[in-house]
Each structure stands twice: as structure tokens, then as C-alpha cells.
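The working numbering numbers the first residue of the sequence shown as 47 and each following residue consecutively.
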Amino acid sequence: MGKIKAHELRDKKKSELLKQLDDFRQELSSLRVAKVTNGAASKLAKIGVVRKNIARVLTVYNQKTKSLLKESYAGQKYIPIDLRLKKTRAMRRRLTPEQLAKKTLKQAKKDNYFPQRKYALKAL
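Written as C-alpha cells, this is what we have:
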């Protein structure tokens with residue numbers, strides 16, 4: 047098997063991905079045996095390709111899993127931490143717009159009793 051493309055893997059189902067992953071792992075173990083027994087140079091070069099293929103399959107598998115989880119948690123009040131938006135630590139701790147807009151009773155009374163004055167400027 048040669049190099050596989052990630053876009054080809056995205057069309058496959060999870061079970062097919064797992065089967066392909068097992069095939070690649072089996073192939074890698076046989077290539078490692080060939081390496082120990084002084085196998086051909088072509089087999090030694092193939093080890094890197096197979097390892098990258100395993101990484102591609104795992105990446106696509108994990109992306110599929112995460113996207114399905116995101117869909118299942120969409121619209122719910124609480125979402126697992128790894129599915130939430132990362133942003134920055136400061137942004138996550140920032141007050142919400144509702145919290146920022148809240149006023150104390152004293153401040154609300156002040157604003158009612160002394161509203162912002164409106165001035166009209168005379169045109170020259």
C-alpha cells in the first residue's frame with residue numbers, strides 16, 4: 047500500500063477506518079520484523095510511509111468522533127470542556143454582556159433622578 051489521502055478517508059465509515067488502521071499496524075509490525083532480519087531497503091523506507099498512514103487514519107477517526115459529539119451536544123446548556131471554544135483564559139473569565147449591563151439599586155436611582163442632559167447647539 048502506498049500513501050493514502052485524508053480526503054479519501056473522510057468518506058469512509060468508522061468501522062472501515064478501524065479495519066484499515068489494523069491493516070496498517072499489521073503491515074508496520076511485519077516491516078519492523080524485516081528491519082531486524084536485514085530486509086530490503088525498500089521495506090525499510092516503507093516504515094515511514096506506513097507510520098504516517100496510521101497517523102492520518104487516527105486523525106480522521108478522531109475528527110469524525112469529535113464532530114459527531116459536537117452535533118449531539120449542540121443546543122444544550124452544558125458542553126464538555128474539550129468541545130467548548132478555546133479563546134483565551136482572560137476572555138473565558140470576562141463578564142458576560144448581561145453582567146456588565148447590571149447596575150446597583152443606588153446607581154439605577156441616580157440615573158433616574160439625574161438623567162443625561164441634552165443640549166442643542168445654535169448654528170452660526
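Even for Gly, the Cβ is constructed at its ideal location relative to N, Cα and C.
Proximity of residue i and residue j at Cβ, strictly below 9 angstroms
{"i": "Leu67", "j": "Val103", "result": "yes"}
{"i": "Leu115", "j": "Leu131", "result": "no"}
{"i": "Lys60", "j": "Lys110", "result": "yes"}
{"i": "Lys149", "j": "Asp157", "result": "yes"}
{"i": "Lys112", "j": "Ile93", "result": "no"}
{"i": "Ile125", "j": "Tyr119", "result": "yes"}
Where residue i falls, given that 16 or more other Cβ within 10 Å makes a residue buried
{"i": "Phe160", "result": "exposed"}
{"i": "Leu141", "result": "exposed"}
{"i": "Leu77", "result": "buried"}
{"i": "Val79", "result": "exposed"}
Closest Cα partner of residue i within the set the options
{"i": "Lys51", "options": "Asn158, Ala166, Leu146 and Asn99", "result": "Asn99"}
{"i": "Arg97", "options": "Lys110, Gly121 and Gly48", "result": "Gly48"}
Supposed close pair residue i, residue j - CB separation, criterion 8 angstroms
{"i": "Arg71", "j": "Val106", "result": "So it is not a contact: roughly 16 angstroms between Cβ atoms."}
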